[in-house]
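Asks: The structure that follows is given in the form of structure tokens.
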Amino acid sequence: MFNNITIKSQLMFVTGLLSVLLVSIGGLGLYGTNQANDRLRTVYLDRAMPLIDLAGLLDGVQRSRLNVLLAANLRNVAGAKQRIELIAKLDVEIKNRWQIYMTTVLTPEEKILANNFIRQWAAYRTSRNRTMNFVVNGDFNAAINNLATDAMKKFGILHTTLSALIKLQGDIAAQEHAQAQSDYEKIFMISTIASSLGVLLIVLIGFLLIRAIVTPLNKAIAIANSVASGDLTSHIDVNSTKGAGKLLQALKKMDDNLIDLVDKVRLNTDSITTAACEIVSGNTDLSQRTEEQASSLEETSASMAELTVTVKQNANNAQQANQLAAGASEVALKGGILVDRIIQTMGSINQGSKRIVDIISVIDGIAFQTNILALNAAVEAARAGDQGRGFAVVAAEVRTLAQRSATAAKEIKALIHDSVDKVEKGTRLVDEAGITMDEIVTAVKRVTDIMAEIAIASREQSSGIEHVNQAVAQMDEITQQNAALAEEVATAAESMQEQAQDLLQAVMVFKLVGGMAPVPIKRSNRIAGAESPPFHSVGSKTITKSGPIPTQLRKESGDDGWEKF
Numbered sequence: 001m002f003n004n005i006t007i008k009s010q011l012m013f014v015t016g017l018l019s020v021l022l023v024s025i026g027g028l029g030l031y032g033t034n035q036a037n038d039r040l041r042t043v044y045l046d047r048a049m050p051l052i053d054l055a056g057l058l059d060g061v062q063r064s065r066l067n068v069l070l071a072a073n074l075r076n077v078a079g080a081k082q083r084i085e086l087i088a089k090l091d092v093e094i095k096n097r098w099q100i101y102m103t104t105v106l107t108p109e110e111k112i113l114a115n116n117f118i119r120q121w122a123a124y125r126t127s128r129n130r131t132m133n134f135v136v137n138g139d140f141n142a143a144i145n146n147l148a149t150d151a152m153k154k155f156g157i158l159h160t161t162l163s164a165l166i167k168l169q170g171d172i173a174a175q176e177h178a179q180a181q182s183d184y185e186k187i188f189m190i191s192t193i194a195s196s197l198g199v200l201l202i203v204l205i206g207f208l209l210i211r212a213i214v215t216p217l218n219k220a221i222a223i224a225n226s227v228a229s230g231d232l233t234s235h236i237d238v239n240s241t242k243g244a245g246k247l248l249q250a251l252k253k254m255d256d257n258l259i260d261l262v263d264k265v266r267l268n269t270d271s272i273t274t275a276a277c278e279i280v281s282g283n284t285d286l287s288q289r290t291e292e293q294a295s296s297l298e299e300t301s302a303s304m305a306e307l308t309v310t311v312k313q314n315a316n317n318a319q320q321a322n323q324l325a326a327g328a329s330e331v332a333l334k335g336g337i338l339v340d341r342i343i344q345t346m347g348s349i350n351q352g353s354k355r356i357v358d359i360i361s362v363i364d365g366i367a368f369q370t371n372i373l374a375l376n377a378a379v380e381a382a383r384a385g386d387q388g389r390g391f392a393v394v395a396a397e398v399r400t401l402a403q404r405s406a407t408a409a410k411e412i413k414a415l416i417h418d419s420v421d422k423v424e425k426g427t428r429l430v431d432e433a434g435i436t437m438d439e440i441v442t443a444v445k446r447v448t449d450i451m452a453e454i455a456i457a458s459r460e461q462s463s464g465i466e467h468v469n470q471a472v473a474q475m476d477e478i479t480q481q482n483a484a485l486a487e488e489v490a491t492a493a494e495s496m497q498e499q500a501q502d503l504l505q506a507v508m509v510f511k512l513v514g515g516m517a518p519v520p521i522k523r524s525n526r527i528a529g530a531e532s533p534p535f536h537s538v539g540s541k542t543i544t545k546s547g548p549i550p551t552q553l554r555k556e557s558g559d560d561g562w563e564k565f
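Quick note on numbering: this note's numbering labels position 443 of the sequence shown as 443, and the sequence is numbered without any gaps.
This is how it looks when you write it as structure tokens:
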């Protein structure tokens with residue numbers, strides 16, 4: 001059953017089954033608890049509480065009837081009115097209790113009895129109120145007569161209905177209890193049966209699961225022990241590709257691969273030995289070419305050293321030129337600043353000249369007005385006759401001075417105008433000089449920037465040449481190491497040849513189906529005593545006949561020089 005199912009699926013199936021059983025049993029228990037809780041809530045809210053309300057209501061009705069009897073038998077209107085007030089309070093209490101009772105859940109039978117009670121209570125109140133009216137009016141005989149013939153009969157009917165309602169609450173509560181007991185017995189029986197079936201099912205599935213896992217594992221252990229002892233002739237039957245059958249399938253694949261591997265190792269050992277001999281021959285040629293390459297690298301290294309000196313000298317010259325260009329740039333900037341100041345000064349002089357022209361114009365106007373005033377004064381003096389002669393003389397003098405001032409002002413104005421024109425021309429020339437100076441500063445900055453770039457490029461070239469020189473030196477060193485490694489590889493190839501023969505002897509331990517004739521072991525013709533002494537080089541290790549396996553040799557050689565080269 002479980003042979004074609006994965007172990008994961010089997011465990012998930014068992015876990016899922018247990019979960020379903022637990023959830024089912026738990027859900028059944030919760031259902032029973034919920035049902036019991038509903039029954040208890042129904043008994044309390046819909047039966048116990050209404051029973052209390054109905055009992056209080058019955059007590060109120062009886063007390064109301066008692067007060068009616070007392071009011072009719074007292075034959076005292078004042079005392080009867082007190083009873084009537086008490087009856088009114090009891091009516092309010094009865095109404096409130098009845099309203100509370102009507103909010104509960106009513107069965108169809110309860111609804112019929114409740115409707116009967118409402119009608120009967122209304123009829124009883126009508127008859128009772130008629131009796132109370134007789135009492136208030138003092139007609140006590142009519143009140144007693146009405147009470148005996150009508151009101152008490154209606155009260156009896158009302159009391160019967162109310163008692164039936166109270167009895168019905170107890171009956172329904174007993175039914176709820178009986179139903180709860182029945183539900184408990186059903187749930188207990190179902191839970192017991194489900195638990196028993198679940199335990200039996202789990203035991204059965206557990207037995208099948210254990211058998212489906214343990215049997216293939218025991219078989220796999222036996223196969224692994226057989227392979228460990230070198231016996232590859234075991235026949236592995238795989239009846240399933242799921243669950244523990246995957247383990248047998250993997251063991252079968254491992255056994256087949258081991259058989260193929262042993263066959264290939266036996267067949268390829270001679271090829272490895274031949275390849276080792278070819279490696280020795282190839283390494284001899286490689287050693288010769290490496291020596292030639294080392295000689296060429298030495299010449300290249302000398303040339304690169306001379307080139308490095310030349311580039312460094314160019315870099316120093318470029319650095320000095322850059323410093324001179326930076327000094328020239330600073331001088332040009334200072335000249336530009338001085339020209340800007342001259343431009344500002346010439347502008348100020350031009351503004352001052354214009355202001356002088358304005359002042360001379362004002363003076364000329366004042367002289368002209370003074371001349372006119374002196375002329376007017378002379379005319380007035382002439383009109384005055386002899387009395388104005390002195391004033392006329394003064395006016396003539398003032399006029400003469402005004403004319404001279406006007407003439408002088410005109411001459412000064414002409415001179416100032418000429419000066420202003422020359423200042424404006426000078427200002428334009430200075431502006432042009434400032435523009436030219438800005439162009440010079442810009443050009444010097446560009447030259448400085450170019451020299452800086454040349455200096456940077458020279459430094460980079462010098463650094464690059466140094467790196468190239470270091471690389472050439474490193475290549476020279478690596479080439480020397482490669483020459484040493486070629487000797488090591490030759491020795492390693494001979495060691496690999498011997499180790500291949502040792503490997504062949506090792507795989508002969510495995511027993512294959514059909515068997516295989518042992519392959520003759522070819523030993524190296526090289527005498528152990530004639531072996532070359534161990535060769536030491538930078539980053540290499542001593543290699544002897546009993547040295548590390550070829551894989552380690554290849555790894556160490558790659559780390560010391562081959563990959564770098």
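Using N, Cα and C, we set each Cβ at its ideal position, and we do this for glycine too.
#1: Does DSSP put residue 106 in a helix, a strand or coil?
#2: If you drop the 5 nearest sequence neighbours on each side, which residues of the same chain put their C-beta closer than 6 Å to that of residue 315?
#3: So, residue 114 versus residue 101, is the Cβ gap smaller than 9 Å?
#4: At the level of alpha carbons, what is the spacing between residue 494 and residue 502?
#5: Kindly indicate the opening and closing residues of the alpha helix (DSSP H) around residue 141.
#6: Grab the span of the alpha helix (DSSP H) containing residue 67 for me, first residue to last.
#7: Under 9 Å between the Cβ atoms of residue 392 and residue 381?
#8: Just verifying my parser: in three-state terms, what is the DSSP assignment at residue 469?
#9: How about residue 259 and residue 28: do their beta carbons lie closer than 9 Å?
#10: Between the C-alpha atoms of residue 398 and residue 379, what's the straight-line distance to the nearest angstrom?
#11: In angstroms with no decimal places, state the Cα-to-Cα distance between residue 524 and residue 277.
#12: Is residue 137 helix, strand or coil when you go by DSSP?
#13: Going by Cα to Cα distance, which pick from 338, 71 and 427 is closest to residue 138?
#14: If you draw a straight line from the C-alpha of residue 169 to the C-alpha of residue 12, how long is it?
#15: Determine contact between the segment 153-167 and the segment 82-97, defined as no fewer than three beta-carbon pairs at a distance below 8 Å.
#16: Apart from the five residues on each side of it in sequence, which residues of its chain come closer than 7 Å, Cβ to Cβ, to residue 130?
#17: If we ignore side chains and look at the alpha-carbon of each, how far apart do residue 68 and residue 106 end up?
#18: Going by C-alpha distance, which of 225, 394 and 385 is nearest residue 375?
#19: Pick helix, strand or coil for residue 541, following the three-state DSSP scheme.
#20: Among 180, 64 and 191, which one has its Cα closest to the Cα of residue 22?
#21: Given this structure, state the Cα-to-Cα distance separating residue 213 from residue 220, to the nearest angstrom.
#22: Going by CA-CA distance only, name the one from 181, 263 and 486 that's closest to residue 281.
#23: Report back the beta-carbon spacing between residue 201 and residue 223 to the nearest angstrom; my notes put them in contact at under 8 Å.
#24: Under 9 Å between the Cβ atoms of residue 58 and residue 196?
#25: Quick one: Cα of residue 535 to Cα of residue 451, how far?
Replies: In short:
#1: Taking the sequence shown and counting its residues from 1, one reaches residue 106 at position 106. In this structure, residue 106 counts as coil in the three-state DSSP scheme.
#2: Your numbering for residue 315 matches position 315 in the sequence shown. 458, 459 and 462, listed in sequence order.
#3: Looking up residue 114 in the sequence shown gives position 114. Looking up residue 101 in the sequence shown gives position 101. Yes, the pair counts as a contact, with Cβ atoms nearer than the cut-off.
#4: Within the sequence shown, the letter at position 494 stands for residue 494. Within the sequence shown, the letter at position 502 stands for residue 502. So the two alpha carbons sit approximately 13 Å from each other.
#5: Numbered from its first residue, the sequence shown carries residue 141 at position 141. First-last of the alpha helix (DSSP H) with residue 141: 140-146.
#6: If you number the sequence shown from 1, residue 67 lands on position 67. Counting along the chain, the alpha helix (DSSP H) containing residue 67 begins and ends at 49-74.
#7: Your numbering for residue 392 matches position 392 in the sequence shown. Your numbering for residue 381 matches position 381 in the sequence shown. A contact, by the Cβ cut-off of 9 Å.
#8: Your numbering for residue 469 matches position 469 in the sequence shown. Reduced to three states, the DSSP call for residue 469 is helix.
#9: For the purposes of this step, residue 259 is taken as residue 259 along the sequence shown, with counting starting at 1. For the purposes of this step, residue 28 is taken as residue 28 along the sequence shown, with counting starting at 1. No; because the gap between Cβ atoms is not below 9 Å, this pair is not in contact.
#10: Translated into positions along the sequence shown, residue 398 becomes position 398. Translated into positions along the sequence shown, residue 379 becomes position 379. Spanning the two alpha carbons is a distance of roughly 14 Å.
#11: Position 524 of the sequence shown, counting from 1, holds the residue named residue 524. Position 277 of the sequence shown, counting from 1, holds the residue named residue 277. Residue confidence for residue 524 is low, a pLDDT of 46 falling below 50, so the modelled location carries little weight; the figure read from the coordinates is stated next. Those two C-alpha atoms are separated by around 10 Å.
#12: Working through the sequence shown from its first residue, we reach residue 137 at position 137. In the structure shown, residue 137 falls within a coil segment according to DSSP collapsed to helix, strand and coil.
#13: Taking the sequence shown and counting its residues from 1, the one referred to as residue 138 is at position 138. Here the closest residue by C-alpha is 71.
#14: If you number the sequence shown from 1, residue 169 lands on position 169. If you number the sequence shown from 1, residue 12 lands on position 12. Whole-angstrom Cα-Cα distance: 53 Å.
#15: no
#16: Position 130 of the sequence shown, counting from 1, holds the residue named residue 130. Once the five neighbours on either side are set aside, the close Cβ partners of residue 130 are 146.
#17: Translated into positions along the sequence shown, residue 68 becomes position 68. Translated into positions along the sequence shown, residue 106 becomes position 106. Rounded to the nearest angstrom, the two C-alpha atoms are 32 Å apart.
#18: For the purposes of this step, residue 375 is taken as the residue at position 375 of the sequence shown. Ranking the options by Cα distance to residue 375, first place goes to 394.
#19: Translated into positions along the sequence shown, residue 541 becomes position 541. Per-residue confidence for residue 541 stands at a pLDDT of 38, beneath the threshold of 50, marking its modelled position as unreliable; the derived number appears in the next sentence. Of the three classes helix, strand and coil, the one that applies to residue 541 here is coil, per DSSP.
#20: To locate residue 22, count along the sequence shown from 1; it is residue 22. Closest by alpha carbon: 191.
#21: Within the sequence shown, residue 213 is the residue found at index 213, counting from 1. Within the sequence shown, residue 220 is the residue found at index 220, counting from 1. Answer to the nearest angstrom: the Cα atoms are 11 Å apart.
#22: Position 281 of the sequence shown, counted from the first residue, corresponds to residue 281. Ranked by how close their Cα comes to the Cα of residue 281, the residues 181, 263 and 486 have 486 in first place.
#23: For the purposes of this step, residue 201 is taken as the residue at position 201 of the sequence shown. For the purposes of this step, residue 223 is taken as the residue at position 223 of the sequence shown. Their Cβ separation, rounded to whole angstroms, is 34 Å, which puts residue 201 and residue 223 out of contact at 8 Å.
#24: Here residue 58 is taken as the residue at index 58 of the sequence shown, counted from 1. Here residue 196 is taken as the residue at index 196 of the sequence shown, counted from 1. It is not a contact, given that the beta carbons lie outside the stated cut-off.
#25: Indexing the sequence shown from 1 puts residue 535 at position 535. Indexing the sequence shown from 1 puts residue 451 at position 451. Bear in mind that a pLDDT of 37 at residue 535, under 50, signals an unreliable position, so the model cannot answer this.
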